[in-house]
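As structure tokens, the structure follows; a few thoughts come after it.
Residue numbers (our numbering): 1336 to 1525.
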């Protein structure tokens, strides 16, 4: 089956009723940020998300049904899968990583995210398929690297890269990540 842009959903279904929502990727990046914001009480998140998505009629529906429909759309209609990864390392943050995400989209797809008109499902499919060869791909691999599976000679440099690119802030007085990466590559070639 070949999908076209017109096949992408523009609404969510609750019971027998469809509700139009905003589908632009920028809106759903904000949606994700709300999901991850620990400062917003959980009972208030759904209300804010409904307001963000532009259809206040959803406020008249059962909130659990609304949440399920929103999460389904957010997950591109895919069911929740059990995670096979045991790492707690968060691979990305749209807020922190947007310069590298922007560059990766320009490099890999020749898409300017500043002007692009992309449905969330389009954006997320491309985002999830970004190459590990982009700087953003490298940053995510550093953040999620399993140091226990590395040789001792690589572990120190990779730990420094992991700490430098950490979403927890990294370290100000660290070596430049490009120097660390060069040293790591030199160790691999030995």
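Ideal placement from N, C-alpha and C gives every residue a C-beta, glycine not left out.
Please report the distance separating the alpha-carbon of residue i from that of residue j.
i            : j            : result
residue 1482 : residue 1460 : 28 Å
residue 1451 : residue 1444 : 11 Å
residue 1381 : residue 1499 : 34 Å
residue 1425 : residue 1366 : 17 Å
residue 1427 : residue 1475 : 6 Å
residue 1468 : residue 1496 : 16 Å
residue 1493 : residue 1471 : 16 Å
residue 1378 : residue 1390 : 18 Å
residue 1353 : residue 1413 : 18 Å
residue 1501 : residue 1351 : 45 Å
residue 1479 : residue 1473 : 10 Å
residue 1371 : residue 1409 : 13 Å
Does the beta-carbon distance from residue i to residue j come in below 8 Å?
i            : j            : result
residue 1439 : residue 1411 : no
residue 1401 : residue 1385 : yes
residue 1340 : residue 1454 : yes
residue 1355 : residue 1457 : no
residue 1368 : residue 1429 : yes
residue 1357 : residue 1388 : yes
residue 1441 : residue 1447 : yes
residue 1349 : residue 1396 : yes
residue 1533 : residue 1404 : Residue 1533 is absent from the structure shown; the chain starts at 1336 and stops at 1525.
Indicate the three-state DSSP secondary structure (helix, strand or coil) for residue i in the structure shown.
i            : result
residue 1349 : strand
residue 1437 : helix
residue 1355 : strand
Where DSSP assigns a beta bridge to residue i, which residues make up the other side?
i            : result
residue 1502 : DSSP output for residue 1502 lists no bridge partner at all.
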